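Residue numbers (numbering that gives the first Met the number 0), protein chains in the order written: chain A, 0 to 221; chain B, 0 to 221.
As structure tokens, the structure follows; a few thoughts come after it.
Protein chains: 2
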Amino acid sequence: MSAQQRRESVLAAAVEEFANGGLTGTSTEAIATRAGISQPYLFRLFPTKKALFIAVVESSFARTAALFEQVAGERTGKAALDAMKESYSGLLADRSYLLTQLHAYAGCYDPDVRVATRSGFRRLWETVERITGLPVDELRFFFAHGMLINVSVAMDLSAVDDRWAQIICSPTFLNPLLEPDGSTEPDGSTGPASSTGPASSTGPASSTGPTSTVDELPAVPR
Amino acid sequence: MSAQQRRESVLAAAVEEFANGGLTGTSTEAIATRAGISQPYLFRLFPTKKALFIAVVESSFARTAALFEQVAGERTGKAALDAMKESYSGLLADRSYLLTQLHAYAGCYDPDVRVATRSGFRRLWETVERITGLPVDELRFFFAHGMLINVSVAMDLSAVDDRWAQIICSPTFLNPLLEPDGSTEPDGSTGPASSTGPASSTGPASSTGPTSTVDELPAVPR
DNA sequence: ATAGGTAGTGAGTGGCCACTACCTTACGGT
DNA sequence: ACCGTAAGGTAGTGGCCACTCACTACCTAT
């Protein structure tokens with residue numbers, strides 16, 4: 000196995016391990032074990048643990064940006080944003096991925112992590128801005144709800160047998176912009192509201208085929 | 000000094016130290032040193048480091064809830080929510096406080112931290128819901144933007160000599176709900192847009208006097 | 001066959017850190 | 001004087017963990 004391939008498999012293992020524990024709460028041994036290599040060899044592939052963490056953060060942002068570009072296709076404006084929202088909802092299934100985001104933000108006390116997170120976030124914002132061309136208010140709305148999704152997943156709100164699950168999993172949470180006001184669709188928040196699965200993807204997003212699944216994303220460079 | 004007083008001063012020190020580093024990245028010695036006591040004595044006041052962290056998280060949520068109750072006064076509905084938004088904007092000045100929030104969410108991989116964070120978040124949500132009586136969409140909007148504020152502070156976006164500072168510090172970021180749609184004020188995103196200071200508190204919030212500052216909050220119980 | 005480069009490991013090591021055992025001081029009541 | 005109790009410190013200790021060093025196996029090209 001080439002070093003480059005090995006590096007990518009280590010990166011994948013690191014995503015899973017860093018998801019629980021973050022930068023400081025994860026041991027390099029756990030990552031190495033999951034990647035199926037010896038722990039010292041990990042330091043041949045990445046100079047330091049922090050560098051590996053930063054690589055994870057960067058790939059995470061890059062992956063999101065690539066996903067957004069992909070699902071937007073040729074669309075612009077609100078149509079493109081709707082496609083992005085739909086795709087981000089699909090990420091609800093990838094818990095490790097969303098937790099990585101949170102650890103990136105929480106790790107910002109470290110200057111190196113901060114610049115990586117900042118530039119990743121900035122590139123993501125500019126990607127969405129460029130594709131949609133929407134005003135800043137709507138971008139902010141989009142990102143704000145993305146953050147709320149992140150923390151909801153972190154707290155595992157949908158696991159509580161509560162109205163939380165209904166609030167979080169309801170389509171209006173996943174796509175609140177679709178009906179900004181009035182005539183809110185009779186969402187099942189009062190009824191039992193199918194609490195199974197993370198809200199089936201009923202929207203459009205049919206431009207590039209069934210791209211709403213996460214696993215078939217383009218591999219992130221580096 | 001009584002043990003109870005000592006406990007509270009340790010709690011205050013722990014907020015500052017946990018803000019950088021989170022649960023796993025902070026040493027009890029740093030906390031003890033800041034609190035002015037020996038490190039072993041810390042374990043006489045709190046049984047374990049995680050317990051101290053959870054106490055910090057709980058006090059953080061309780062403090063926010065108390066702040067919201069206070070600034071809302073007798074108001075309800077959007078008026079109350081506006082007061083809360085204004086007060087939360089005031090928290091922009093308290094970096095440690097907002098970072099604590101992020102570390103609470105990121106620390107949710109630990110079951111104990113998760114239940115503490117979940118119940119704190121739940122109580123906060125229900126407090127806002129009870130006081131304002133607003134529908135779930137507006138609550139979600141409020142909390143979503145609060146989260147975005149949190150991560151913006153973590154990334155220290157306002158420190159970048161960029162349009163970020165203008166976006167984040169602009170009044171429309173701090174109070175985006177004030178003009179939910181149409182006739183979006185010609186926001187100064189193109190102009191220089193006074194980038195000094197975190198948006199002076201020009202709103203009302205005159206019910207209980209000048210309570211918009213953070214330092215004079217009611218001490219959190221426990 | 002030999003020389004060199006690449007993938008990979010076993011065995012440390014130094015340092016940090018959560019947590020413990022035990023001692024000291026101060027004070028209040030009888 | 002005497003004792004109990006509560007505040008606080010000193011000196012550890014066991015374990016984890018990031019990172020290093022020395023070494024082996026294999027592969028390819030001359």
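Here a beta-carbon is modelled for each residue, glycine too, at the ideal position from N, C-alpha and C.
All values derive from a computational prediction rather than experimental measurement.
Which two residues bound the contiguous alpha helix (DSSP H) that contains residue i?
i: A:P46; result: Looking at the DSSP string, A:P46 is not in any alpha helix (DSSP H), and its letter there is neither H nor E.
i: A:S118; result: P110 to T131
i: B:G89; result: G76 to G89
i: A:I148; result: V135 to M154
i: B:A2; result: A2 to A18
i: A:S227; result: Past the edges of chain A, shown from 0 to 221, lies residue 227 of chain A, and the structure says nothing about it.
i: A:A29; result: T27 to A34
For my contact list, residue i and residue j are in at a C-beta cut-off of 8 angstroms; report their separation, rounded to the angstrom.
i: A:G106; j: A:G35; result: Between A:G35 and A:G106 the Cβ distance is about 26 angstroms, and since that is not below 8 angstroms, they are no contact.
i: A:T116; j: B:M154; result: 6 angstroms
i: B:T63; j: B:L123; result: 6 angstroms
i: B:S59; j: B:T99; result: 5 angstroms
i: A:E68; j: A:T126; result: 7 angstroms
i: A:V150; j: B:Y104; result: 5 angstroms
CA-CA distance, residue i and residue j?
i: A:I130; j: A:T75; result: 6 angstroms
i: A:A11; j: B:Y87; result: 38 angstroms
i: A:E73; j: A:R43; result: 42 angstroms
i: A:Y265; j: B:F17; result: No statement about residue 265 of chain A is possible, as the shown extent of chain A runs from 0 to 221 and does not include it.
i: B:A79; j: B:I167; result: 23 angstroms
i: A:Q4; j: B:N19; result: 34 angstroms
i: A:A65; j: A:L97; result: 16 angstroms
i: A:W163; j: A:S37; result: 42 angstroms
i: A:E137; j: A:H144; result: 11 angstroms
i: B:E184; j: B:F142; result: Note that B:E184 scores 37 on pLDDT, short of 50, meaning its location in the model is unreliable; the coordinates nonetheless yield the value given after this. For B:E184 and B:F142, the distance between alpha carbons rounds to 23 angstroms.
i: B:M31; j: A:A71; result: A small correction: the amino acid at residue 31 of chain B is Ala; Met does not occupy that position in the sequence shown. The straight-line gap from Cα to Cα measures roughly 52 angstroms.
i: B:E15; j: B:S8; result: 11 angstroms
i: A:R6; j: A:P46; result: 12 angstroms
i: B:M146; j: B:S157; result: 16 angstroms
i: B:K49; j: B:A13; result: 11 angstroms
i: B:G119; j: B:R113; result: 10 angstroms
i: A:R33; j: A:S95; result: 14 angstroms
i: A:L90; j: A:L101; result: 14 angstroms
i: A:V135; j: A:D93; result: 28 angstroms
i: A:D244; j: A:R139; result: Lying outside 0 to 221, the shown extent of chain A, residue 244 of chain A is not represented and no answer is given.
i: B:T210; j: A:D111; result: In this prediction, B:T210 scores a pLDDT of 36, lower than 50, which makes its location untrustworthy; the coordinate-derived value is nonetheless stated afterwards. Going by the C-alpha atoms only, they are around 37 angstroms apart.
i: B:A2; j: B:A61; result: 21 angstroms
i: A:A29; j: A:I148; result: 28 angstroms
i: A:M83; j: B:Q165; result: 25 angstroms
i: A:T25; j: B:D81; result: 41 angstroms
i: B:K77; j: A:R121; result: 32 angstroms
i: B:V152; j: A:V152; result: 21 angstroms
- Three or more C-beta pairs below 8 angstroms linking the region 128-143 of chain B and the region 38-54 of chain B: Look at the beta carbons and you see the region 128-143 of chain B not touching the region 38-54 of chain B: under three pairs across the two are nearer than 8 angstroms.
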